[in-house]
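*Asks:* Going left to right, the sequence shown walks through residues 2 to 205 as the numbering used here numbers them.
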Amino acid sequence: MTGLPWTGIEAWPLPGFALPLLALLAMALALDDTAVAQTWLSQPLPAGILTGLVCGDLGAGLSVGLPLQLVLVGNLPVGQTFVGEPVSAVLAGVAALAWAKSAPGGDGLPPPATLASWTVIGVALLSLAGHWVIRTERRLHLLWMLAGHRSLRDGDDRRIERLHLRCLAVTAVRGLVLTAVWLFLLRLFWLPVAARLPGSLVAV
2 MTGLPWTGIE AWPLPGFALP LLALLAMALA LDDTAVAQTW LSQPLPAGIL
52 TGLVCGDLGA GLSVGLPLQL VLVGNLPVGQ TFVGEPVSAV LAGVAALAWA
102 KSAPGGDGLP PPATLASWTV IGVALLSLAG HWVIRTERRL HLLWMLAGHR
152 SLRDGDDRRI ERLHLRCLAV TAVRGLVLTA VWLFLLRLFW LPVAARLPGS
202 LVAV
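#1: Considering Thr-101, what are the terminal residues of the alpha helix (DSSP H) in which it resides?
#2: Is the segment 180-192 close to the segment 35-47, with three or more CB pairs under 8 Å?
#3: Less than 8 Å separating the beta-carbons of Val-91 and Ala-61?
#4: Under 8 Å, do Leu-98 and Thr-115 count as touching if we go by C-beta distance?
#5: Starting from the C-beta of Leu-59, find all residues in its chain whose C-beta is less than 6 Å away, skip the five residues before and the five after it, and write them out in chain order.
#6: Starting from the Cα of Ile-135, find the closest Cα among Val-65, Ala-36 and Leu-69 and give me that residue.
#7: Going by other Cβ atoms of all chains shown within 10 Å of its Cβ, with 16 needed for buried, is Gly-12 buried or exposed?
#8: Any idea if Gly-57 is buried or exposed, counting beta-carbon neighbours within 10 angstroms, 16 or more meaning buried?
#9: Whole-angstrom Cβ separation of Leu-23 and Val-55, contact assumed at under 8 Å?
#10: Hey, could you find the ends of the alpha helix (DSSP H) Ser-118 is sitting in?
#11: Just the Cα atoms here: how many angstroms apart are Gly-85 and Leu-166?
#12: Closest by CA to Ser-89, which one among Leu-26, Leu-169, Ala-196 and Leu-164?
#13: Let's test the definition: count the other Cβ atoms within 10 Å of the Cβ of Met-2 and tell me whether it reaches 16, buried, or not, exposed.
#14: So Pro-111 and Lys-102 are supposed to be a Cβ contact under 8 Å. How far apart are they, rounded?
#15: CA-CA distance, Glu-138 and Arg-163?
#16: Give the DSSP-derived three-state secondary structure of Thr-40 in the structure shown.
#17: I need the DSSP call for Gly-60, collapsed to helix, strand or coil.
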């Protein structure tokens, strides 16, 4: 495949079907986190494994998902007690790592252990950065649902159902958009920095 303009990075080298599957996974796990099923597949380790399977690189999924799971094992999404938005960050991190590892010649990147560790750091930072997105989304949901509850006085329960579906749609789109943005930030900017790390920080 041709490279991405101005970057010297090869365009998506993984199977073409991985992109639509990744998009569906991003939306499904964003909903699973708190909005719909809460199956815990959206936790970092299972999310990493699922993304690794989709991208054909289970090792990348474990490399990113396992350490993040250990860090966030006590970060249960109960009510307002949550920190960060790890779902999209983990999906993007695994996909970016699999993308980098599939590049011919490694794109001049450091050994896999260093690259995986650097990816985990980037995913952690993006998870924290996504915290304000979740808070903004929940405020928007609250405003919509308050308006819906007021409409119940008129006996119109269909409006609150439509508002609920709107909230779910916003959550799914947020998962898709954040995953896409984080993926390109990691692959185009964060991972290439790993090639310039001091030798003392690079695993051999």
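All C-beta atoms, glycine included, are put in the ideal place defined by N, C-alpha and C.
*Replies:* Judging by the given coordinates:
#1: Within the sequence shown, numbered from 1, the residue matching residue 101 stands at position 100. Note on identity: in this sequence residue 101 is Ala, with Thr being the wrong assignment. Annotation for Ala-101: the continuous alpha helix (DSSP H) segment containing it runs 87-103.
#2: Contact between the segment 180-192 and the segment 35-47 is absent, with fewer than three C-beta pairs closer than 8 Å.
#3: Stepping through the sequence shown from its first residue, residue 91 is reached at position 90. Stepping through the sequence shown from its first residue, residue 61 is reached at position 60. Cβ distance not < 8 Å, so Val-91 and Ala-61 don't count as in contact.
#4: Locating residue 98 in the sequence shown gives position 97, where the first residue counts as 1. Locating residue 115 in the sequence shown gives position 114, where the first residue counts as 1. No, the pair does not count as a contact, with Cβ atoms beyond the cut-off.
#5: Here residue 59 corresponds to residue number 58 of the sequence shown, with the count starting at 1. So the qualifying residues of the chain are Gly-53.
#6: Here residue 135 is taken as the residue at index 134 of the sequence shown, counted from 1. Ranking the options by Cα distance to Ile-135, first place goes to Ala-36.
#7: Taking the sequence shown and counting its residues from 1, one reaches residue 12 at position 11. The amino acid occupying residue 12 in the given sequence is Ala; Gly does not appear at that position. Under this definition Ala-12 is an exposed residue.
#8: Taking the first residue of the sequence shown as position 1, residue 57 is located at position 56. Per the 10 Å Cβ criterion, exposed.
#9: Reading the sequence shown from its first residue, position 22 is the one you call residue 23. Reading the sequence shown from its first residue, position 54 is the one you call residue 55. Right, the Cβ-Cβ distance comes to about 6 Å (below 8 Å), so this counts as a contact.
#10: The residue labelled residue 118 in the question sits at position 117 within the sequence shown. Taken as a continuous stretch (DSSP letters only), the alpha helix (DSSP H) holding Ser-118 covers 113-130.
#11: On the sequence shown, position 84 is the one that residue 85 refers to. On the sequence shown, position 165 is the one that residue 166 refers to. In a straight line, the C-alpha of Gly-85 is about 24 Å away from that of Leu-166.
#12: Residue numbering aside, residue 89 sits at position 88 when the sequence shown is read from its first letter. Minimum Cα distance to Ser-89 is reached at Leu-26.
#13: In the sequence shown, the residue the question calls residue 2 occupies position 1. For Met-2, the predicted model reports a pLDDT of 47, less than 50, meaning its position is unreliable; a value from the coordinates is still stated below. Taking a 10 Å sphere around the C-beta of Met-2, we find fewer than 16 other C-beta atoms and assign the residue as exposed.
#14: Numbered from 1 along the sequence shown, position 110 holds the residue referred to as residue 111. Numbered from 1 along the sequence shown, position 101 holds the residue referred to as residue 102. In fact, because the Cβ distance is near 11 Å, the residues do not count as touching under 8 Å.
#15: Against the sequence shown, residue 138 aligns to sequence position 137. Against the sequence shown, residue 163 aligns to sequence position 162. Rounded to whole angstroms, Glu-138 to Arg-163 spans 17 Å at the Cα level.
#16: Sequence index remark: in the sequence shown, residue 40 carries index 39 (1-based). Secondary structure of Thr-40 (DSSP, three-state): coil.
#17: Here residue 60 refers to the residue found at position 59 of the sequence shown. In the structure shown, Gly-60 sits in a helix (DSSP, three-state: H, G or I).
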